[in-house]
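Shown next, in structure tokens, is the structure this report addresses.
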Amino acid sequence: MSAFGSRFVTETARDWFLVDDATERDGWHPLVRTVHDYWLRIAPPGLLPGRQHMDPLDIPDLLPRIWLLDVIWPGPEFRFRLVGSRIVNRLGHDPTGERLEDASLDYEQNPSLTERYRATVEHRQPTYRLGPQRLTRTRDFEFVENIFLPMAEDGRTVDMLMALSVLVDNPD
Numbered sequence: 000m001s002a003f004g005s006r007f008v009t010e011t012a013r014d015w016f017l018v019d020d021a022t023e024r025d026g027w028h029p030l031v032r033t034v035h036d037y038w039l040r041i042a043p044p045g046l047l048p049g050r051q052h053m054d055p056l057d058i059p060d061l062l063p064r065i066w067l068l069d070v071i072w073p074g075p076e077f078r079f080r081l082v083g084s085r086i087v088n089r090l091g092h093d094p095t096g097e098r099l100e101d102a103s104l105d106y107e108q109n110p111s112l113t114e115r116y117r118a119t120v121e122h123r124q125p126t127y128r129l130g131p132q133r134l135t136r137t138r139d140f141e142f143v144e145n146i147f148l149p150m151a152e153d154g155r156t157v158d159m160l161m162a163l164s165v166l167v168d169n170p171d
């Protein structure tokens with residue numbers, strides 16, 4: 000456990016977790032809570048929301064921090080469909096259209112990078128993370144707080160991940 004307390008563990012340990020109804024969200028960044036609340040609100044009863052349920056006009060203040068990944072079967076593999084302008088500016092490039100494996104410099108050193116993406120798809124549950132930034136070509140910031148939200152056009156089969164990231168210099 001690091002000096003950042005229970006919200007963060009070392010990069011070598013799993014620094015993300017599945018989110019369910021019992022998850023304590025008080026320590027989350029307000030924008031992360033807001034997008035999670037929105038995802039819950041647009042979901043049809045008993046089903047996952049799909050892209051067709053999302054209206055960008057509902058969340059204009061979140062759009063610069065939103066990114067969408069297509070889930071490609073078989074696999075799954077992941078391809079960036081859309082990356083918000085704030086994320087693009089901080090990353091130093093626009094990965095739209097790229098596969099996750101091609102967009103991340105850390106993927107070669109850490110092929111388990113997709114473990115969280117796959118868990119979000121497999122469990123059909125959001126995942127939350129506060130930890131070292133991995134998907135970048137620069138290191139001008141160190142930490143990211145984000146949430147991955149599964150989306151399913153048919154309400155069941157995850158075909159997209161919606162994510163929101165807040166990039167921070169230091170989580171303390």
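Oh and the sequence shown: position 73 is 72 in numbering that gives the first Met the number 0, straight run, nothing missing.
C-beta atoms are modelled at their ideal positions from N, C-alpha and C, and glycine is treated no differently.
Between the region 113-125 and the region 86-96 there are fewer than three C-beta pairs closer than 8 angstroms, too few to call the two in contact. Shown here, Val31 sits in a helix according to DSSP, grouped into three states. For Met159, the pairing in a beta bridge is given by DSSP as Asp69, Met150.
Taking C-beta separations shorter than 7 angstroms and ignoring five residues to either side along the sequence, the partners of His122 in its chain run Leu17, following chain order. Contact between the region 59-72 and the region 153-170 is present: 3 or more CB-CB pairs across the two stretches fall below 8 angstroms. Distance between Pro149 and Tyr37, taken at the CA atoms: about 13 angstroms. The criterion of a C-beta distance shorter than 8 angstroms is satisfied by His35 and Pro125.
Residue nearest to Asp158 within the set Thr22, Pro75, Ala42 is Pro75 (criterion: CA-CA distance). Per DSSP, the unbroken beta strand (DSSP E) holding Arg128 starts and ends at 126-131. In this structure, the beta-carbon distance from Leu61 to Thr33 falls below 8 angstroms. For Glu76, the enclosing beta strand (DSSP E) starts and ends at 76-82. A distance below 8 angstroms separates the beta carbons of Glu144 and Leu129. When DSSP states are grouped into helix, strand and coil, Glu141 belongs to the coil group.
No residue range can be given for Leu62, since it is assigned to no beta strand (DSSP E) and is classified by DSSP as neither H nor E. The DSSP-derived three-state label of Leu46 is coil.
Nearest to Pro55 by C-alpha distance, out of Pro44, Val87, Trp72, Leu81, is Leu81.
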